[in-house]
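Step one of this worksheet: look at the structure below.
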Amino acid sequence: MDEKIVDYADYGVHIPLKCKNHPDKRWSTKNILYIGARTLFYNLHRHKEMGPECDCSISDLISLTAKEAKAEEQDYE
Ligand SMILES: [Zn+2]
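Each residue of the sequence shown is one higher than the one before, counting from 217 in the numbering used here.
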């Protein structure tokens, strides 16, 4: 079995992440192994209102829930 970060998305596709201290900021990464195993992209869709990247630890990044990701999925096709 290929290990994934979230079960709701296919292996290797981009999934959205947020910072648990800054829940309005978004990163994305491939759905492979664990957060940090592949490159993290900050604000991939260049939302002006998101502001600069925070300096929290990578361990503070968490994946969006399936419901949250669904609500934002037009941004992450
Ligand atoms: Zn943060």
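Just so it is clear, CB atoms sit at the ideal spot from N, CA and C, and this is done for glycine as well.
Is any non-hydrogen atom of ligand 1 found closer than 7 Å to the C-beta of Asn-259, if you look at the structure I gave you? As a working note, residue 259 is residue 43 in the sequence shown. No.
Can you have a look at Thr-255 and say buried or exposed, based on whether 16 or more other CB atoms are within 10 angstroms of its CB? Counting from 1 along the sequence shown, the entry for residue 255 is found at position 39. Exposed: under 16 other Cβ atoms inside 10 Å.
Buried or exposed: which applies to Pro-239, given that a residue is buried once 16 or more other Cβ atoms fall within 10 Å of its Cβ? Taking the first residue of the sequence shown as 1, we reach residue 239 at position 23. Exposed is the call here.
In the DSSP output, what is Tyr-258 paired with across the bridge? For this step, residue 258 is matched to residue 42 along the sequence shown. Answer by DSSP bridge pairing, in chain order: Trp-243.
What are the residues that DSSP puts in a beta bridge with Leu-277? As a first step, residue 277 must be located in the sequence shown, where it is residue number 61. When DSSP reads this structure, Leu-277 sits in a beta bridge with Cys-235.
Taking 7 Å as the cut-off, is the beta-carbon of Asp-276 closer than that to any non-hydrogen atom of ligand 1? Mapped onto the sequence shown, residue 276 falls at position 60. Here the distance from the Cβ of Asp-276 to the nearest heavy atom of ligand 1 is below 7 Å.
How should Thr-281 be labelled, buried or exposed, when 16 other C-beta atoms within 10 angstroms of its C-beta is the threshold for buried? Working through the sequence shown from its first residue, we reach residue 281 at position 65. Exposed, by the Cβ-count rule.
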